[in-house]
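Remarks on the structure that follows.
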Amino acid sequence: MTPPLTQADIDGEIADLHKDCDGQEANHPPRDFAPYRSSVLRHPKQPLIMVKEPEAVELTGPVFGVTDVTALDADLTKQHAGEPLGERITVQGRVLDRAGRPVRGQLVEVWQANASGRYPHQRDDHPAPLDPNFTGVGRCLTDDEGRYSFTTIKPGAYPWRNHVNAWRPAHIHFSVFGAAFTQRLVTQMYFPNDPLFAYDPVLQSVTDERARQRLVAAYEHDLSVPEWSLGYRWDIVLDGPAATWMEEGR
Amino acid sequence: MKATPSQTVGPFYGYALPFPGGGDLAPLNDGGGITVHGYVYDGAGDPVPDALLEFWQADPSGDLSGAPGSLRRDPVTGAVIGRHGLDFTGFGRVPTDADGRYALRTLMPGNGYISVCVFARGLLHHLYTRIYFGQDAFLDGLPAHRRETLVAVAEREGFYRFDIHLQGEKETVFLDFG
Ligand SMILES: [Fe+3]
C-alpha cells in the first residue's frame, strides 16, 4: 500500500501544476487536477467537441418564476423555530453575463455547512455538532438589476479526507442559471483572508491567481446591518453564449 | 467581463439541489411519454453514485420556451410541492442513486435531442452532452466510433437507455459551446 498523502505532497503537486500554468489566463479550473483526488477518474481525456450552431437548444434555458421560490427561502436563519448558532451574515451581489448585462429573474441556489462546519448529510460524519435550527439551503430569483441577497450564518471549515489533515476553507456553494443552458454555473464563494486557501486543492484547482480572487467575497461594511449581521459582497459573472444576443465576432 | 470560475458541486448537494419529481418532465396522462435511463460511469468503469444530471429540452413540437414551476414551493409553508403536472417545463434534475443510476420520464423532443449538463463530486467544471434518439446531421460530423455515445438505445416501446462515461474507452462525447 502507498502511504497516505500528506499536505506537503499535495502542496508540492499544486505548486508544480501552478508553475506549468504560470501567468496563463484561465477562467475555469482544468477538469484534470490530480491534487483533488476525486478528479482523477472523473474527467474526460478526449477533447471537447466545439458546437457552433445558432439553433442549439443550449442557447436557451429553463425558466423559473415566483412559483419556484418563497420569500423565506432567501433567509436561512428563519427556516426553523429557533435562531441558528453562528455569526449572522448578509451575502449580496449581482449576476451578470460576460458582456456585463444583468441576468434577470433567474434562479440562484445556495447550500452550506453550519457554523461548526457540519452538513446535515449522511456522508458528513465528522464530530462537529449539527444545528437543529439550521439546514443551510436557500434560493432566490435575481431582480431586474440581476441582484441576489441571502441572510445566513458564516459556515465553518470542515475536514474532508482528500489527504491527511485536509480542511476545506469556509465556503458557500452557489448554483446559478443564466439566460441560456450554456451559462449554467455551479461554484463556491469563499471568505476573505481565510488561512486555509493555500492548502485547499479545490480552490487551488483554479490555476490563475486572478480567477481565484474572483471566488472570494469582499467584506463590505456598508452592507453590515447594525446589531444584526456582517455584510459580504460577491458578484458572479456567467460564461457562455446565449441566443438572445450575439457577441462581437460570433 | 471575466467569468466566475466553476467549482465542484461536491458531495453534499443532495439535501439542497434535488427535488421531488425532478425527473418527471411529462405531464401526467400525457400520451407519448418516454423513459430515458442509464448509469454514469467513471474511468475505472465504476458507477458514479454522486453525480447530478440536469436536462433541458424542447417539447414535442420543438418549442423551447419552457415554463416555470419545476421547483414549485408552497407559499404558506415553504415546502416543496413539486410540479403541478400541467406544464411541460423542459427542465429536469436527477441525482444518480447509490447504483450510479438515473431515470427521466419526459416527451420526445421535437428537434431530436435532450441537452444534458453533468455535475459530480470530483468534477471541477460541469460537462455538457446530448441524448439523441436517431440520426442527425450533428452526429454525422463526429468520428464514427464516438458518435454512438450520444445515441440512446431503444430497449422497448417508450424506453431508452443512455449511459454516460466520464472517462475511458467508451468515453461520452462532451460539448463546448464557446
Ligand atoms: Fe462544501
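Respectively, the protein sequence lines represent chains A and B. So for the first sequence, the working numbering puts the first residue at 1; every next one is plus one. So for the second sequence, the working numbering puts the first residue at 1001; every next one is plus one. No residue lacks a Cβ here, since even glycine has one placed at the ideal position from N, Cα and C. A quick note: this is a predicted structure, and the numbers were derived from the prediction, not measured.
Same chain, Cβ closer than 6 Å to A/Ser116, neighbours up to 5 away in sequence not counted | Here residue 116 of chain A refers to the residue found at position 116 when the first sequence is read from its first residue. Cβ within range, chain order: Ala128, Pro129, Gly156.
Using 7 Å as the cut-off, classify the Cβ of B/Gly1038 as near or not near the heavy atoms of ligand 1, replying yes or no.
-> The residue you call residue 1038 of chain B lines up with position 38 of the second sequence. Incorrect: B/Gly1038 has no Cβ contact closer than 7 Å to ligand 1.
Out of curiosity, what's the CA-to-CA distance linking B/Lys1170 and B/Arg1146?
-> Here residue 1170 of chain B is taken as the residue at index 170 of the second sequence, counted from 1. Here residue 1146 of chain B is taken as the residue at index 146 of the second sequence, counted from 1. The alpha-carbon atoms of B/Lys1170 and B/Arg1146 are separated by roughly 8 Å.
Proximal residues of chain A, C-beta to C-beta of B/Thr1089 below 7 Å = Walking along the second sequence from the start, residue 1089 of chain B turns up at place 89. What B/Thr1089 touches in chain A: Pro62.
If you pair each beta-carbon of the stretch 146-154 of chain A with each one of the stretch 81-100 of chain A, do three or more pairs fall below 8 Å?
-> yes
Can you check DSSP and say which residues form a bridge with A/Trp111?
-> If you number the first sequence from 1, residue 111 of chain A lands on position 111. Answer is A/Val137, A/His173, bridged to A/Trp111.
Does ligand 1 have even one heavy atom less than 7 Å from the beta-carbon of A/Phe150?
-> For the purposes of this step, residue 150 of chain A is identified with residue 150 of the first sequence, where counting begins at 1. Result no, Cβ not under 7 Å from ligand 1.
Pick out whichever of B/Glu1148, B/Thr1096, B/Gly1168, B/Gly1122 has its Cα sitting closest to the Cα of B/His1037.
-> Working through the second sequence from its first residue, we reach residue 1037 of chain B at position 37. Selected option, being the one with the closest Cα: B/Thr1096.
List the residues of chain B whose Cβ lies closer than 9 Å to the Cβ of A/Ala211, in chain order.
-> Along the first sequence, read from residue 1 onward, the residue named residue 211 of chain A stands at position 211. Those within 9 Å of A/Ala211 in chain B are Lys1002, Ala1003, Thr1004, Pro1005.
Range covered by the beta strand (DSSP E) that runs through B/Phe1138 | The residue given as residue 1138 of chain B occupies position 138 in the second sequence. From DSSP, B/Phe1138 is part of no beta strand (DSSP E) but of the alpha helix (DSSP H) over 1137-1140.
Under the criterion of a Cβ to heavy atom distance below 7 Å, does B/Arg1156 qualify as lining ligand 1?
-> The residue labelled residue 1156 of chain B in the question sits at position 156 within the second sequence. No - ligand 1 has no heavy atom lying nearer than 7 Å to the Cβ of B/Arg1156.
Name, please, each residue of chain A whose Cβ falls closer than 8 Å to the Cβ of B/Glu1155.
-> Numbered from 1 along the second sequence, position 155 holds the residue referred to as residue 1155 of chain B. Here the premise fails: no neighbours, minimum Cβ distance about 24 Å.
Mind checking whether B/Ile1081 and B/Asp1074 have CB atoms under 8 Å apart?
-> Residue numbering aside, residue 1081 of chain B sits at position 81 when the second sequence is read from its first letter. Residue numbering aside, residue 1074 of chain B sits at position 74 when the second sequence is read from its first letter. Going by C-beta atoms, B/Ile1081 is nearer than 8 Å to B/Asp1074.
What residue from B/Phe1133, B/Gly1122, B/Gln1007 has the CA that sits closest to B/Glu1157's CA?
-> As a first step, residue 1157 of chain B is located in the second sequence; it is residue number 157 there, counting from the start. Looking at the Cα atoms, B/Phe1133 is the closest of the given residues.
Interface residues of chain A around B/Gln1057 at Cβ under 8 Å?
-> Indexing the second sequence from 1 puts residue 1057 of chain B at position 57. Neighbours of B/Gln1057 on chain A, chain order: Val57.
Could you tell me which chain B residues have their CB closer than 8 Å to the CB of A/Glu109, listed as they occur along the chain?
-> As a first step, residue 109 of chain A is located in the first sequence; it is residue number 109 there, counting from the start. Near A/Glu109 (Cβ distances below 8 Å), the residues of chain B are Ala1016, Leu1017.
Range covered by the beta strand (DSSP E) that runs through B/Ala1120 | Position 120 of the second sequence, counting from 1, holds the residue named residue 1120 of chain B. Taken as a continuous stretch (DSSP letters only), the beta strand (DSSP E) holding B/Ala1120 covers 1113-1120.
Within 10 angstroms of its Cβ, does A/Arg123 collect 16 or more other Cβ (buried), or is it exposed?
-> Here the question's residue 123 of chain A lines up with position 123 in the first sequence. Exposed, by the Cβ-count rule.
So what's A/Tyr232 in DSSP terms, helix, strand or just coil?
-> What you label residue 232 of chain A is simply residue 232 of the first sequence in a count that begins at 1. Of the three classes helix, strand and coil, the one that applies to A/Tyr232 here is strand, per DSSP.
Which residues, in chain order, does the stretch 112-132 of chain A contribute to contact with chain B at a C-beta distance below 7 Å?
-> Tyr119, Pro120, His121, Arg123, Asp124
Amino acids of chain A, ordered along the chain, whose beta-carbon sits closer than 8 Å to that of B/Ala1120 | By 1-based counting over the second sequence, the position of residue 1120 of chain B is 120. Arg42, listed in chain order.
At least one CB of chain B closer than 8 Å to the CB of A/Asp200: is that the case?
-> By 1-based counting over the first sequence, the position of residue 200 of chain A is 200. By this cut-off, A/Asp200 is not an interface position.
How about B/Asp999: is its C-beta nearer than 8 Å to some C-beta of chain A?
-> Residue 999 of chain B is absent from the structure shown; chain B starts at 1001 and stops at 1178.
At a CB-CB cut-off below 9 Å, which residues of chain A make contact with B/Asn1111?
-> Position 111 of the second sequence, counted from the first residue, corresponds to residue 1111 of chain B. Correct list: Glu55, Val57.
Assign A/Thr189 to one of two classes, buried (16 or more other C-beta atoms within 10 Å of its C-beta) or exposed (fewer than that).
-> The residue labelled residue 189 of chain A in the question sits at position 189 within the first sequence. The question names Thr, yet the displayed sequence has Met at residue 189 of chain A. Classification for A/Met189: buried.
How big is the Cα-Cα spacing for B/Phe1012 and A/Tyr119?
-> Position 12 of the second sequence, counting from 1, holds the residue named residue 1012 of chain B. Position 119 of the first sequence, counting from 1, holds the residue named residue 119 of chain A. So the alpha carbons of these two residues sit roughly 7 Å apart.
Taking 8 Å as the CB-CB cut-off, is B/Arg1073 touching chain A?
-> Residue numbering aside, residue 1073 of chain B sits at position 73 when the second sequence is read from its first letter. True, the Cβ-Cβ gap to chain A drops below 8 Å.
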